[in-house]
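Residue numbers (the UniProt record's numbering): 1 to 392.
All residues carry an ideal CB built from backbone N, CA and C; glycine is no exception.
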Amino acid sequence: MNILLLAPHPFYQDRGTPIAVNLVLKVLSERGDTIDVLTFHEGRDVDYPKVNIYRIPAWPFIGNIRPGFSWKKLVCDGLLCVKMIVLLCKNRYHLIHAVEESAFLALVVNWIARIPYLYDMDSSLAQQMIEKYPRLTCLSKAFMVCERRAVQAAALVMPVCEALVTRIEPYHPSKIMLLEDVPLLGEPTDSSSMATEDLNAPGIRVLYVGNLETYQGIDLLLDSFALALKEVPQSTLFIVGGEKNSRDFYHQKAKHLGIDRNVYFLGPRPLDQLSAYLSQADILVSPRIKGNNTPMKLYSYLASGKAVLATNLVTHTQVINNRVAMLADPNPEPFAEGMLQLMKNDDLRRSLGLAAKKLVEEKFSFRAFRMKLNAVYDYLGETIQQNSESNR
1 MNILLLAPHP
11 FYQDRGTPIA
21 VNLVLKVLSE
31 RGDTIDVLTF
41 HEGRDVDYPK
51 VNIYRIPAWP
61 FIGNIRPGFS
71 WKKLVCDGLL
81 CVKMIVLLCK
91 NRYHLIHAVE
101 ESAFLALVVN
111 WIARIPYLYD
121 MDSSLAQQMI
131 EKYPRLTCLS
141 KAFMVCERRA
151 VQAAALVMPV
161 CEALVTRIEP
171 YHPSKIMLLE
181 DVPLLGEPTD
191 SSSMATEDLN
201 APGIRVLYVG
211 NLETYQGIDL
221 LLDSFALALK
231 EVPQSTLFIV
241 GGEKNSRDFY
251 HQKAKHLGID
261 RNVYFLGPRP
271 LDQLSAYLSQ
281 ADILVSPRIK
291 GNNTPMKLYS
301 YLASGKAVLA
311 TNLVTHTQVI
321 NNRVAMLADP
331 NPEPFAEGML
341 QLMKNDDLRR
351 SLGLAAKKLV
361 EEKFSFRAFR
371 MKLNAVYDYL
381 GETIQQNSES
391 NR
């Protein structure tokens, strides 16, 4: 098949959705499909057989595009639309693989040119907009109508988690096939010594990996750690990831809480070092407070065999339970209590870590990911062929 993959974000970068798209490309390339990837101007190219990368033009003052809605992203989406039209005029595509908001572009193309599309759904954009901008609540019905139409017109919707399946089932889509994320732990590299140096501290080492957007719950994490530190002063919190302005902001908060000597903001680290960093920690934390999609880091956390502390919200509980992780309510006191239980109990940390690793090996391996994605494209290939024959 000739596939146009719309990736409305910087690609490639070491962060959630671009990582997921890279995994998709790896599998599709193995199938022998030809994929044209249309993406933003930022990011670095990847090299797979029969994969071509096309980018929108770079504009002054439009850079450092972060996750979530922004005026920069809106401009880039407009440029993506223009470039998409150019590619559609030049090439013949059997399918559009539309990631996130690009499904709305694919919907219009489907109306005009009858090219089927797969909606690769990492989150509910309607829900995301209301959570980020509560003043837009009055437009929630309009957002849901748009989301419903994009879901209903898709040849197949591929949500990343059960919560999204539950959300879109009332829309009665043609076909839903769930494709969860997978761990991203490779073999330790020669640069693994950097992780050992970065996380060199006595006592219990607590580690967070990811961006520092509000929905990730960094405020909750710092407030909770401040409470736990009173009982276990020989403990250190390490935070990997985040833009400089976000790191500076939260460093000031740590200072205000009086815990800055026990909190280190390490900044971004290469993805190939993730395994080394996780292996140095005693407790891995995911304090997310908003959103229903499961954070990609959770799968790597679980695969590391280390104890995981996460908020007791559907974003986590659709994958884990209290047999494989410590779950705590998203408030400082209960989250601190969960942290303290893990800090004070080596056996509990060990047993949860082993159970978590077993869960990942059984359900969320890359082998399982490949099989599910191949099943998705086998179904789409057969459907497209049948439709082509019936239209002759």
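Asked	Found
For valine 308, the nearest candidate out of Val285, Lys297, Asp329 and Tyr299 (CA to CA)	Val285
Contact between the stretch 311–329 and the stretch 143–151 (3+ Cβ pairs under 8 Å)	no
Nearest-angstrom Cα separation, counted from proline 18 out to leucine 59	Per the sequence shown, the amino acid found at residue 59 is tryptophan instead of leucine. Each residue's alpha carbon lies about 21 Å from the other.
Histidine 97 - partner residues in DSSP beta bridges	Leu5 and Leu118
Methionine 296 - DSSP class collapsed to helix/strand/coil	coil
Same chain, Cβ closer than 6 Å to arginine 247, neighbours up to 5 away in sequence not counted	Phe265
Cα-Cα separation, methionine 144 to aspartate 120	17 Å
Contact the stretch 8–17 vs the stretch 39–55: 3+ CB pairs below 8 Å	yes
Rounded straight-line distance, which links the Cα of threonine 196 to that of histidine 251	22 Å
Cut-off 7 Å between Cβ atoms - residues of its own chain near alanine 84, not counting five sequence neighbours on either side	It is worth fixing the name first, because residue 84 is methionine in this sequence and not alanine. These residues qualify, in order along the chain: Leu6, Leu38 and Leu105.
Check whether proline 8 and leucine 80 have beta carbons under 8 Å apart	yes
Complete beta strand (DSSP E) runs within the stretch 298–374 (minimum length 3 residues, chain order)	307–311 and 326–328
Helix, strand or coil at threonine 189 according to DSSP, with G and I counted as helix	Confidence at threonine 189 is low in this model, with a pLDDT of 47, below 50, so the placement of that residue should be treated as unreliable; the coordinate-derived value is given next. DSSP places threonine 189 in coil when its eight states are reduced to three.
Three-pair Cβ contact test at 8 Å for the stretch 120–136 versus the stretch 287–302	yes
Beta-carbon gap between leucine 156 and leucine 118 smaller than 8 Å	yes
Reduced DSSP secondary structure (H/G/I, E/B, other) of phenylalanine 69	coil
Asparagine 322 versus Ser304, Leu348 and Tyr299, residue with shortest Cα-Cα distance	Leu348
CB of valine 27 within 8 Å of CB of asparagine 374, strictly	yes
Residue from Asp346, Cys146, Ala303 and Val209 whose Cα sits closest to the Cα of leucine 271	Val209
Residues of its chain near glutamate 389, where Cβ-Cβ distance is below 6 Å and the 5 sequence neighbours each way are ignored	none
Residue interval of the beta strand (DSSP E) (run including phenylalanine 265)	263–267
Same chain, Cβ closer than 6 Å to tyrosine 48, neighbours up to 5 away in sequence not counted	Leu25 and Ser29
Which residues DSSP lists as bridging methionine 84, in chain order	Per DSSP, none; premise fails for methionine 84.
In DSSP terms, what tyrosine 208 is bridged to	Ile239
Neighbourhood of leucine 4 by C-beta, 6 Å cutoff - its chain only, sequence neighbours within 5 removed	Asp36, Tyr93 and Ile96
Of the listed residues Thr137, Val75, Ala113 and Pro159, nearest to glutamate 100 (C-alpha basis)	Pro159
First through last residue of the alpha helix (DSSP H) which encompasses valine 27	16–31
Classification of methionine 343 by the beta-carbon crowding that lies within 10 angstroms, buried from 16 upward	buried
Asparagine 110 in three-state terms, based on DSSP	helix
Every unbroken beta strand (DSSP E) within the stretch 119–190, with a cutoff of 3 residues, ordered by chain	156–159
Terminal residues of the beta strand (DSSP E) in which arginine 55 lies	51–55
Cβ pair alanine 325, glutamate 337 closer than 8 Å	no
Residue of Asp33, Pro295, Cys146 and Lys358 minimising C-alpha distance to proline 67	Pro295
Cutoff 8 Å; reference alanine 126; Cβ partners in own chain excluding five residues on either side	Ser140, Phe143, Met144, Cys146 and Glu147
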